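Beneath this line is the structure, given in structure tokens, with notes to follow.
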Amino acid sequence: MDIMQAIGKKFGYILCAVLLIHLLEFGDGAKRKDWTGKLIFEEHFNGEKLGRNWEIVGNCEGKGHKDTNLECFTTREDNVRLRDGLLIIEAWPEEWHPKELWAKSKNFTSGKVKMINELGYQYGTFVVRARLSKGNHLLPSIFLLPAYQDHDNCKYEEVDIAQGRGQRTSTVIVGAYFGRQWNHASSRKTEKAIRNTDFSAEFHEFTLVWKQYRLEWFVDGRLIYTIPMYYYSDWLLQDESNLPCNMNKKLFQQELQLNFALSVGGSMFPQAGYGDLTLDDAKNWTKPTLEIDWVKIYDH
Ligand SMILES: *[C@@H]1O[C@H](CO)[C@@H](O)[C@H](O)[C@H]1NC(C)=O
Ligand SMILES: *[C@@H]1O[C@H](CO)[C@@H](O)[C@H](O)[C@H]1NC(C)=O
């Protein structure tokens, strides 16, 4: 075999290995992780109204003026409600004109729910049982943000426990962001395809284990992704311009809290790859909801 052939073959093996890593199959024999630690928060969304730990967020420009999302979040029951022991967030194609004169009107509505400002957790195991969405440009998100949310505070941290793209219901996106602002941050994230899985058809358990120097993500108790965080320079700030302006380089050590949102469009759906969202697309949405069954948080 000549040298080029040998290199080509070797490269082929590496490529195969990489592809294998990205397509995970959870056989019955695979080891499943059980959560340990003290249960410090639990929510089952029973009853008719959200309890006092949660707040329904209504706004049209949640992320500020560079936001390209197509939805307004409203606090109406159409968009956020409890039903049959589930928290249901639903998106609709409909014009929405916010009351604030300065705010933009949008053609879609949806919902967002977050923990109240008084609740925040530093480290721990966050387990959420949920069913994601199906339909073009739908982005269900289960994520953590600082307990004292201020997108302009010049230190932005976000950990995505699970996100989905409504066009690809067998993959889940997980990762973390650190930087100045939501759109000026370094990230480590991955999109994993899980064989024989439709995240919009069944409920699955999404887990983040957040330790001081490590973030780990699990689906149905099986590890899918890990980020070590000893030194910020290892991964987060290859681009130094993302450094928070107060130069605070501590990674993921402030209290974070849970958020659930179902967004429509935005930066996860670049036009080149996904095209524009038309009204016909939206009429074809087969499952424009994000459903949360329960949440548990364990202290380590
Ligand atoms: C809403 O839809 C109308 C009609 O299709 C369009 O002209 C307008 O630009 C849309 N607005 C936004 C904010 O996308
Ligand atoms: C909507 O669904 C119908 C029936 O399945 C299909 O014919 C049509 O092409 C779909 N439209 C879009 C915009 O995807």
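Just so we're aligned: the sequence shown equals residues -29 to -1, 1 to 271 in mature numbering (1 follows the signal peptide of the UniProt record, and there is no 0).
Note that the Cβ used here is the ideal one computed from N, Cα and C, for glycine as well.
Because the structure is a prediction, the values reported are computed rather than measured.
With which residues is residue i paired in a DSSP beta bridge?
i: S234; result: L110
i: I59; result: R52, E262
i: F174; result: In DSSP, F174 forms no bridge with anything.
i: R185; result: K182, P199
i: T96; result: V180, Y269
i: A101; result: H175, I263
i: E42; result: F79
i: P117; result: L227
i: M86; result: W25
i: K9; result: D270
i: W67; result: K77
i: R193; result: V190
Using only the alpha-carbon positions, how far apart do residue i and residue j sit?
i: P259; j: A253; result: 9 angstroms
i: K126; j: R193; result: 31 angstroms
i: D49; j: L227; result: 28 angstroms
i: Y269; j: T7; result: 7 angstroms
i: E32; j: W63; result: 17 angstroms
i: I113; j: S158; result: 17 angstroms
i: A172; j: G237; result: 24 angstroms
i: K220; j: Q134; result: 26 angstroms
i: F149; j: Y94; result: 16 angstroms
i: A164; j: L72; result: 43 angstroms
i: F79; j: F240; result: 16 angstroms
i: R136; j: V235; result: 10 angstroms
i: D262; j: N107; result: Note on identity: in this sequence residue 262 is Glu, with Asp being the wrong assignment. The alpha-carbon atoms of E262 and N107 are separated by roughly 17 angstroms.
i: L53; j: I60; result: 9 angstroms
i: F16; j: A232; result: 16 angstroms
i: K37; j: H155; result: 11 angstroms
i: residue 343; j: V145; result: The requested residue 343 does not occur in the structure, where the chain is confined to residues -29 to 271.
i: G29; j: S104; result: 20 angstroms
i: Y201; j: Y184; result: 5 angstroms
i: F97; j: Y196; result: 15 angstroms
i: T178; j: R102; result: 14 angstroms
i: G82; j: S141; result: 23 angstroms
i: L41; j: L10; result: 37 angstroms
i: E211; j: V143; result: 29 angstroms
i: T161; j: A147; result: 10 angstroms
i: L(-10); j: I198; result: Low confidence applies here, because L(-10) scores a pLDDT of 42, under 50, leaving its location unreliable; read the following figure in that light. Each residue's Cα considered, the two are about 19 angstroms apart.
i: L186; j: K85; result: 21 angstroms
i: T257; j: M218; result: 45 angstroms
i: D251; j: D169; result: 23 angstroms
i: N167; j: L110; result: 21 angstroms
i: L116; j: E89; result: 13 angstroms
i: V(-12); j: K20; result: Caution applies to V(-12), whose pLDDT of 40 falls short of 50 and renders its modelled position unreliable; the value that the coordinates give is listed next. Near 46 angstroms, if we compare the C-alpha coordinates of K20 and V(-12).
In the DSSP assignment, find the unbroken alpha helix (DSSP H) run with residue i in it and report its ends.
i: L250; result: 250 to 254
i: G18; result: Neither: G18 is in no alpha helix (DSSP H) and is coded neither H nor E.
i: G244; result: 242 to 245
How would you write the range of the beta strand (DSSP E) that residue i sits in, first residue to last?
i: E32; result: Premise fails: E32 is in no beta strand (DSSP E) and is neither H nor E.
Check whether the Cβ of residue i sits closer than 7 angstroms to any heavy atom of ligand 3, and report yes or no.
i: L227; result: You won't find ligand 3 in this model; what it holds is ligand 1 and ligand 2.
**Request:** Give, in chain order, every unbroken run of the beta strand (DSSP E) that is at least 3 residues long and sits entirely within the segment 124 to 164.
**Result:** 127 to 136, 139 to 152
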